[in-house]
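The structure appears right after this line, and notes come after that.
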Amino acid sequence: MIKSEIDILTKVQHPNVISLYRMFESEQKIFLVMQLVTGGELFDRILARGHYTEADAARIVHPILSAVEYLHEMGIAHRDLKPENLLFSDRSENARIMISDFGLSKIFDDVEMMKTACGTPGYVGGLDSGIRARARAAASGAGWDAG
Numbered sequence: 001m002i003k004s005e006i007d008i009l010t011k012v013q014h015p016n017v018i019s020l021y022r023m024f025e026s027e028q029k030i031f032l033v034m035q036l037v038t039g040g041e042l043f044d045r046i047l048a049r050g051h052y053t054e055a056d057a058a059r060i061v062h063p064i065l066s067a068v069e070y071l072h073e074m075g076i077a078h079r080d081l082k083p084e085n086l087l088f089s090d091r092s093e094n095a096r097i098m099i100s101d102f103g104l105s106k107i108f109d110d111v112e113m114m115k116t117a118c119g120t121p122g123y124v125g126g127l128d129s130g131i132r133a134r135a136r137a138a139a140s141g142a143g144w145d146a147g
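Numbering (UniProt numbering), first residue to last: 1 to 147.
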């Protein structure tokens, strides 16, 4: 799984996707040098803040949707977007939000169907509509990743 994540991260460059700078491999371990982000998870900010106004939520969601659109244009489905995988660049109120944790991500093309149900229980959407429908939606650029 880590090789797939590395492959994906070496292909993407977007201000709202965490960057992989370098990768080193020993006989037993793989070391990744990633972009430093110190602002914590969206999940923790939601808990601390209690609620967001519609305008504040839109300011957070817009760059996430921009990154999801970019990933889909690159043929990548994240498949595990959740507040815990959305990180802030720093602790400021206007910190940049970035998508992280590409461990379940998949590269797809127009003819390939994603056949594996995956994601985090409690966050996975559209299970009743079937895996094929989600794959078609992802391939068409629809925002399944964003819920």
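Ideal Cβ positions, reconstructed from N, Cα and C, are used throughout, including at glycine.
Excluding sequence positions up to five away, which residues of its chain have a Cβ less than 8 Å from the Cβ of residue i?
i	result
residue 18	9, 34, 35, 37, 87, 98, 99 and 100
residue 6	20, 23, 30 and 32
residue 52	46 and 60
Give me the Cβ distance between residue i and residue j, rounded to the nearest whole Å; I'm assuming they're in contact under 8 Å.
i	j	result
residue 108	residue 77	6 Å
residue 91	residue 50	Wrong, their Cβ atoms sit about 17 Å apart, outside the cutoff.
Give the straight-line distance between the Cα atoms of residue i and residue j, rounded to the nearest whole angstrom.
i	j	result
residue 63	residue 26	36 Å
residue 56	residue 13	25 Å
residue 74	residue 105	12 Å
residue 60	residue 67	12 Å
residue 58	residue 2	32 Å
residue 44	residue 69	25 Å
residue 28	residue 4	17 Å
Mind checking which residues open and close the alpha helix (DSSP H) that includes residue i?
i	result
residue 61	54-73
residue 43	42-49
Do residue j and residue i count as a contact pair if the criterion is CB distance below 8 Å?
i	j	result
residue 32	residue 20	yes
residue 41	residue 93	no
What residue range does the beta strand (DSSP E) around residue i cover?
i	result
residue 25	20-25
residue 9	No beta strand (DSSP E) contains residue 9, which is instead part of the alpha helix (DSSP H) from 2-11.
residue 33	30-34
residue 88	86-88
Could you name the residues of the same chain whose beta carbon sits closer than 6 Å to that of residue i, not counting the 5 residues immediately before and after it, in chain order?
i	result
residue 96	89
Give a yes or no on whether 8 Å exceeds the smallest Cβ distance from residue i to chain B.
i	result
residue 11	Going by chain labels, chain B is absent from the structure shown, which holds only one protein chain.
Might you give, ordered along the chain, the residues of its own chain that have their beta carbon closer than 7 Å to the beta carbon of residue i, omitting 5 neighbours on each side?
i	result
residue 153	This structure cannot settle anything about residue 153, because the visible part of the chain is limited to 1 through 147.
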